[in-house]
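Only one structure is covered here, and it is reproduced in the block below.
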Amino acid sequence: MAGAFSAVYTFGPTFRAENSQSRRHLAEFYMVEAEIAFTESLDDLMKVMEDLFKAATEHVLSSCAEDHFLHRGRIDILKSSSHNFTFSIEWGCDLQTEHEKILVKHCGNVPVFVINYPYELKPFYARDNQDQPNHTAAAVDLLVPGVGELCGGSLREERLELLSQQLAHIFDRVMQKSYFSLQRLMSTCHSVNIKCKI
-18 MAGAFSAVYT FGPTFRAENS QSRRHLAEFY MVEAEIAFTE SLDDLMKVME DLFKAATEHV
42 LSSCAEDHFL HRGRIDILKS SSHNFTFSIE WGCDLQTEHE KILVKHCGNV PVFVINYPYE
102 LKPFYARDNQ DQPNHTAAAV DLLVPGVGEL CGGSLREERL ELLSQQLAHI FDRVMQKSYF
162 SLQRLMSTCH SVNIKCKI
């Protein structure tokens, strides 16, 4: 859609398919999903996420700092915490609710952006930062006090040769051809994917 319209979104009920035993993961919730063309950086993506969050919660963020952590930085913060975690904290492990709450607390209980997740944790269409040896994706989560992750998103991979390598592990040749046909017709050089739980 973002090839025909520069910014599109949906807002509506979402139903979680996986079985969840967590009070944090509702079986049904409302979510905003957006596709925005010509977005060149995580800073652009974070700006859209922040504006959406500010509009939805009115003045909550008006006096908060714009904090963000690289993946390695947050691992160091969590490891230096005296908290006894249930889930391990190593490079390549995804953040759990307990980790998110400690990061928000570390920043003074204000909303925090966490950026550049390990590439293998993100979907195939997330932009590869090509930052060996860490190998991260241009992805971001917005963590808020009392909740943890509120919004998440990533830049889309527009470099077809990298996307082709990634798709070779996922789709058969017929599906790859169909996907690339859509990419050539509908994609812009820089676009983003945003998901917000409201």
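Reminder that position 85 of the sequence shown reads as 66 in the numbering used here, one-by-one numbering, no gaps. Beta carbons are placed, not taken as given, at the ideal position from N, Cα and C, and that holds for glycine. Bear in mind that the values here come from a model prediction, so they are computed numbers and not experimental data.
Whose C-beta lies closer than 6 Å to the C-beta of residue i among residues of the same chain, with five residues either side of it excluded?
i    : result
V41  : Since pLDDT at V41 reaches only 48, below the 50 mark, its modelled position is unreliable, and no value is offered.
M27  : F94 and V121
H64  : I83
E101 : none
Within the same chain, show all residues whose beta-carbon is closer than 7 Å to that of residue i, passing over the 5 residues directly before and after it, in chain order.
i      : result
Q146   : none
I56    : I70 and W72
Y(-10) : V13, E14 and A15
Y98    : H52, T117, A118 and A120
Might you give, ordered along the chain, the residues of its own chain that have their beta carbon closer than 8 Å to the beta carbon of residue i, omitting 5 neighbours on each side?
i    : result
Q157 : S145, L148 and A149
H87  : I58 and S62
T67  : Q77 and E79
K60  : I70
Within 7 Å: the Cβ of residue i and any heavy atom of the ligand NAD?
i    : result
I151 : The ligand NAD is absent from the structure shown, which contains no ligand whatsoever.
Assuming residue i contacts residue j under a Cβ cut-off of 8 Å, what Cβ separation, rounded to an integer in Å, is found between them?
i     : j    : result
M30   : G129 : Rounded, the Cβ-Cβ distance is 15 Å, inconsistent with contact.
V95   : L124 : 6 Å
F(-8) : Y11  : 7 Å
Decide if residue i is buried, meaning its Cβ has at least 16 other Cβ atoms within 10 Å, or exposed.
i     : result
V93   : buried
L163  : exposed
A120  : buried
R(-3) : exposed
I151  : exposed
D122  : buried
L207  : Residue coverage of the chain in this structure runs from -18 to 179, which leaves residue 207 outside it and unanswerable.
A36   : exposed
Could you tell me which uninterrupted alpha helix (DSSP H) segments, each at least 4 residues in length, are contained entirely in the region 73 to 150, listed from first to last along the chain?
78 to 87 and 141 to 148
Check whether the region 102 to 118 and the region 135 to 143 are in contact - that is, three or more C-beta pairs closer than 8 Å.
yes
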